[in-house]
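Enquirer: Got a structure for you, questions after.
There are 2 protein chains.
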Amino acid sequence: MSTRGRGLHGHVLDTLGPAITAGEYPPGSVLRTDELAQHFEVSRSVMREAVRVLESMHLVESRRRVGVTVQPKSAWNVYDPQVIRWRLAGADRPHQLRSLTVLRSAIEPVAAGLAARHATAEQCAELTECALGMVANSRGHQLEAYLVHDMAFHRVILTASGNEMFARLGDVVAEVLAGRTHHEVMFEDPDPAAVTLHVQVAEAVRARDATRAEQLTREITVGALQELDILAP
Amino acid sequence: MSTRGRGLHGHVLDTLGPAITAGEYPPGSVLRTDELAQHFEVSRSVMREAVRVLESMHLVESRRRVGVTVQPKSAWNVYDPQVIRWRLAGADRPHQLRSLTVLRSAIEPVAAGLAARHATAEQCAELTECALGMVANSRGHQLEAYLVHDMAFHRVILTASGNEMFARLGDVVAEVLAGRTHHEVMFEDPDPAAVTLHVQVAEAVRARDATRAEQLTREITVGALQELDILAP
DNA sequence: TGTGACAAATAAGTCCGACTTTTTGTTTCC
DNA sequence: GGAAACAAAAAGTCGGACTTATTTGTCACA
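Next up, the structure:
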């Protein structure tokens, strides 16, 4: 899944990226390209390409006569899907999951409102289909099948919003949903109220009721926040 | 500002990045590393590093025996600050500005609500200071000074939210605000109502009133949407 | 005629070694 | 003690030789 097996530099990234995002090299640490190349048993050229990519993500900065210095987290491109994947795969996973859930709670309601205005007939149909799929798999510990439809539902909402920035978060949201099912406490069937909300969102979008779609989606995301104990006192 | 003058590969990126994001090479176009290297008068090594960076942004994909193929916009890392800057600098600017304004309208109210809960005393002070600066420069065509305080205000809100994903959008929001002042119709003094709203947001955050801070910020962003004629019919 | 295997062409991928450039730290000299 | 010259270190650049994967085209065989 996360293997970008593409070439040697990809393999280096798959090792170095997770290591840096996991904080194994504290900010300010200095790496040498030559040493890294030796350590990974690749040529300098390959190592340089890997460093360039890490640099474009602002995970490191390469300076003459100094070396490759690890950047503080505040500099990272935290929206880079690759960086998100690395963080979700490492020690930073819980923190990253919380950040992303808050992000979701901001984006998805607005996206749903926009979807109610811009969704095509086909997208409305997809949405209904997903919601029905969720209902059908909401009982009897069919968590995997439920998850598939849940991910698809939210992806359609984000895509149908017509906003490219929102649409690009489809993968991230899917990752969060999958994470909740696979790694968090999720032994029971999903909350029936949440399932109902999804169906209602699909209806609201179909009915072109932007306000209602937004409000209902907000209820869904509030639920997601509460699961992680992120809420107002 | 956008010059990453760092090294030859940076210069190549400064030319190729804008070209691709501007749609000069239609999706599916195939480039050859060797030809590009010749065209830019750099070695293959340098060209390869540049291609790797573009590949990590999903602007292109490099495949053996095929070449470097330009990816469709749907694949781009649209949250990469570099990509955003390239698009804002090119023909896609109006579209990008609209996308980002919608994104703002989703993020900032939630960020303001969180800021009301998590802002430090120092951040509250900064916020008030920015708001006062906006008031002081809201009349008499002092647009530049006004803009500086406006950008600072929103950056503090996003930072004070305590969410790293929100904080990272400070640059983007600043870019949008600057774009509005510099390139859009902005000959008159800013709307007094908007200025008042900023002051009130600062007050709400200071008073730890999350709901009010969120609501007031929503009014601000709705105003920004209306300026671009993005609104419900 | 269609299909399968094989061969050729192609462009990226990899490695290497020499050289250049910039930056930093030291040393020397006033 | 400060400034200027010097030395070292590490990234940056180059070019060429070679490897590998993938596509495309060809040819034989059914």
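As given, the protein sequences belong to chains A and B, one line each in that order. For what it's worth, the numbering used here labels the leading residue of the first sequence as 2, then goes sequentially. For what it's worth, the numbering used here labels the leading residue of the second sequence as 2, then goes sequentially. All residues carry an ideal CB built from backbone N, CA and C; glycine is no exception.
Nearest chain A C-beta to asparagine 164 of chain B closer than 7 Å, yes or no?
Expert: Chain A, which has a Cβ nearer than 7 Å to the Cβ of asparagine 164 of chain B, makes this yes.
Enquirer: Under three-state DSSP, which class holds proline 234 of chain B?
Expert: Summary for proline 234 of chain B: the model assigns pLDDT 47, below 50, so the residue's position carries little reliability, and this model does not support an answer.
Enquirer: Can you look up threonine 70 of chain B in the DSSP assignment and give me helix, strand or coil?
Expert: Strand at threonine 70 of chain B.
Enquirer: Against tyrosine 80 of chain B, what residues of chain A qualify as contacts under a CB-to-CB distance less than 8 Å, listed in chain order?
Expert: Those are Asn78, Tyr80, Asp81, Met166, Arg169, listed as they occur along chain A.
Enquirer: Between serine 162 of chain A and alanine 112 of chain A, is the Cβ-Cβ spacing less than 7 Å?
Expert: Against a cut-off of 7 Å, the Cβ pair of alanine 112 of chain A and serine 162 of chain A comes out as a contact.
Enquirer: Determine the burial state of valine 31 of chain A: buried for a count of at least 16 other Cβ atoms within 10 Å of its Cβ, exposed for fewer.
Expert: Counting Cβ neighbours within 10 Å, valine 31 of chain A comes out exposed, since fewer than 16 surround it.
Enquirer: Would you report the Cα separation of isoleucine 158 of chain B and threonine 121 of chain B, rounded to the nearest angstrom?
Expert: Cα-Cα distance, rounded: 11 Å.
Enquirer: Is the beta carbon of arginine 219 of chain B less than 7 Å from the beta carbon of valine 54 of chain A?
Expert: No, they are not a contact pair.
Enquirer: If you measure between the beta carbons of asparagine 78 of chain B and valine 84 of chain B, is that distance less than 7 Å?
Expert: In this structure, valine 84 of chain B lies closer than 7 Å to asparagine 78 of chain B by Cβ.
Enquirer: List the residues of chain A whose Cβ lies closer than 7 Å to the Cβ of isoleucine 108 of chain B, in chain order.
Expert: Under the 7 Å cutoff, chain A gives Ala107.
Enquirer: Nearest to serine 100 of chain A by alpha carbon, out of A:Glu36, A:Val174, A:Val13, A:Leu198?
Expert: The candidate whose alpha carbon is nearest that of serine 100 of chain A is A:Val174.
Enquirer: Using a Cβ-Cβ cut-off of 8 Å (strictly less than) and excluding sequence neighbours within five positions of leucine 178 of chain B, which residues of its own chain qualify?
Expert: Result list for leucine 178 of chain B: Leu148, Asp151, Met152, His155, in chain order.
Enquirer: Can you say whether arginine 66 of chain A is buried or exposed, counting buried as having 16 or more other CB atoms within 10 angstroms of its CB?
Expert: Label assigned to arginine 66 of chain A: exposed.
Enquirer: Tell me the residue span of the beta strand (DSSP E) that contains histidine 63 of chain B.
Expert: Checking the sequence shown, residue 63 of chain B turns out to be serine, not histidine. Serine 63 of chain B -> beta strand (DSSP E) spans 61-64.
Enquirer: Compare the C-beta of asparagine 45 of chain B with all C-beta atoms of chain A and state if any pair is closer than 7 Å.
Expert: One detail in the question is off: residue 45 of chain B reads as arginine in this sequence, not asparagine. Arginine 45 of chain B does not count as touching chain A.
Enquirer: Does any C-beta atom of chain B lie closer than 7 Å to the C-beta of arginine 53 of chain A?
Expert: Chain B, which has a Cβ nearer than 7 Å to the Cβ of arginine 53 of chain A, makes this yes.
Enquirer: Taking 6 Å as the cut-off, is the beta-carbon of histidine 119 of chain A closer than that to any non-hydrogen atom of the ligand ADP?
Expert: Ligands are entirely absent from the displayed structure, and the ligand ADP is therefore not among its contents.
Enquirer: Across the region 200-215 of chain B and the region 123-141 of chain B, are there enough close Cβ pairs to call them in contact, namely three or more that are closer than 8 Å?
Expert: Verdict: yes, contact present.
Enquirer: Interface residues of chain A around histidine 10 of chain B at Cβ under 8 Å?
Expert: Going along chain A in sequence order, the residues near histidine 10 of chain B (Cβ under 8 Å) are Arg53.
Enquirer: Using 10 angstroms around the beta-carbon of leucine 232 of chain A, count the other beta-carbons present and answer buried if the total reaches 16, otherwise exposed.
Expert: Burial call: exposed.
Enquirer: Quick check: the Cα distance between arginine 45 of chain A and serine 44 of chain B, rounded to an integer number of angstroms?
Expert: Their Cα atoms are separated by approximately 15 Å.
Enquirer: DSSP three-state label for valine 235 of chain A, please.
Expert: The question about residue 235 of chain A has no answer, for chain A in this structure spans 2 to 234.
Enquirer: Using only the alpha-carbon positions, how far apart do proline 191 of chain B and glutamate 228 of chain B sit?
Expert: Distance between the alpha carbons of proline 191 of chain B and glutamate 228 of chain B: 12 Å.
Enquirer: Using 10 angstroms around the beta-carbon of glycine 29 of chain A, count the other beta-carbons present and answer buried if the total reaches 16, otherwise exposed.
Expert: Result: exposed.
Enquirer: I believe threonine 102 of chain A touches arginine 207 of chain A by the beta-carbon criterion, under 8 Å. Please report the beta-carbon distance rounded to the nearest angstrom.
Expert: That pair is no contact at about 27 Å.
Enquirer: If you reduce the DSSP assignment to three classes, tell me which class methionine 166 of chain A lands in.
Expert: Note: methionine 166 of chain A maps to helix in three-state DSSP.
Enquirer: Start and end of the alpha helix (DSSP H) containing alanine 113 of chain A?
Expert: Looking at the DSSP string, the run of the alpha helix (DSSP H) that includes alanine 113 of chain A is 94-119.
Enquirer: Would you say threonine 222 of chain B and arginine 105 of chain B are within 7 Å of each other, going by their C-beta atoms?
Expert: Cβ atoms of threonine 222 of chain B and arginine 105 of chain B: closer than 7 Å.
Enquirer: By the criterion of Cβ-Cβ separation under 9 Å, what are the contact partners of glutamate 176 of chain A in chain B?
Expert: Those do not exist, as glutamate 176 of chain A stays about 13 Å from chain B at its closest Cβ, beyond 9 Å.
Enquirer: For glutamate 50 of chain A, decide whether its Cβ has a neighbour in chain B, counting only Cβ atoms nearer than 7 Å.
Expert: Chain B, which has a Cβ nearer than 7 Å to the Cβ of glutamate 50 of chain A, makes this yes.
Enquirer: Would you report the Cα separation of glycine 224 of chain B and alanine 195 of chain B, rounded to the nearest angstrom?
Expert: Cα to Cα, glycine 224 of chain B sits roughly 8 Å from alanine 195 of chain B.
Enquirer: Check this for me: beta carbons of alanine 117 of chain B and arginine 33 of chain B, under 7 Å apart or not?
Expert: It is not a contact, given that the beta carbons lie outside the stated cut-off.
Enquirer: Which word fits histidine 199 of chain B, buried or exposed, when buried means at least 16 other C-beta atoms lie within 10 angstroms of its C-beta?
Expert: Buried, because 16 or more other Cβ atoms sit within 10 Å of the Cβ of histidine 199 of chain B.
Enquirer: Identify which residue in B:Asp81, B:Tyr26, B:Pro73, B:Ala23 has its Cα closest to the Cα of leucine 170 of chain B.
Expert: It is B:Asp81 whose Cα lies nearest to the Cα of leucine 170 of chain B.
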